[in-house]
Every structure is written in C-alpha cells, then in structure tokens.
Amino acid sequence: MKSNRESEPLQERSRGAVGTALWTRRIELGITQERAAEEVGLSVRQYRNLETGRCDTSRKTAKKLLHFGVDVMHLEEPLFEDE
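Take any residue in the sequence shown, count from 1 to its spot, add 76: that is its number in our numbering.
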C-alpha cells in the first residue's frame, strides 16, 4: 500500500519541495517575500504562489531560483516529470 505522500501527484509533491526550499532560503537570508521576489526577478504574487505551493515551476523560473541559491533541480522530489 502506498503512503499518502507516494499517492500524491508528482507535481503536488514538487510544489511542496520548491516552496519549502524557497521558504528556507528566504529565512536564512532574513528577508521578506517582497525582497525575495525582487531578488529572484518575479512578481510578489508569483513568488508567494511558489513558496506556498500554489503553482508549478517552469524551467525559466527554475533558472531564476538557482541564482537565488535554490537549486530546484536537485530537490528530493523531481521537479519535472521526465526527471
């Protein structure tokens, strides 16, 4: 029998992993979501949606997050279906 986590769709698990990584990095830096969004190059709404797991991460956004210090390609959960 699969655990609840294993039965979650891959995209939902990935969203959670990205959000947790973003939140952790932002807290490490001691900055607000507004400042993090500015540093990443996203709108505040888009950043908040990523941090709270409300939207998927595109490859373009993944590159922006890498410059912020969040390597979404090497999270515990794969970011894209083909990985």
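A virtual CB, placed ideally from N, CA and C, is assigned to each residue, including glycine.
Counting other Cβ atoms within 10 Å of its Cβ, glutamate 110 stays below 16 and is therefore classed as exposed.
Contact between leucine 98 and glutamate 127 holds, with the beta-carbon distance rounding to 5 Å and staying under 8 Å. When the five nearest sequence neighbours on each side are left out, the beta carbons in the same chain lying within less than 6 Å of the beta carbon of glycine 117 are those of Lys140, in order along the chain.
Residues of the same chain with a CB within less than 8 Å of the CB of valine 146, apart from the 5 flanking positions on each side, are Val94, Ala97, Leu98, Arg101 in chain order. When DSSP states are grouped into helix, strand and coil, glycine 92 belongs to the helix group.
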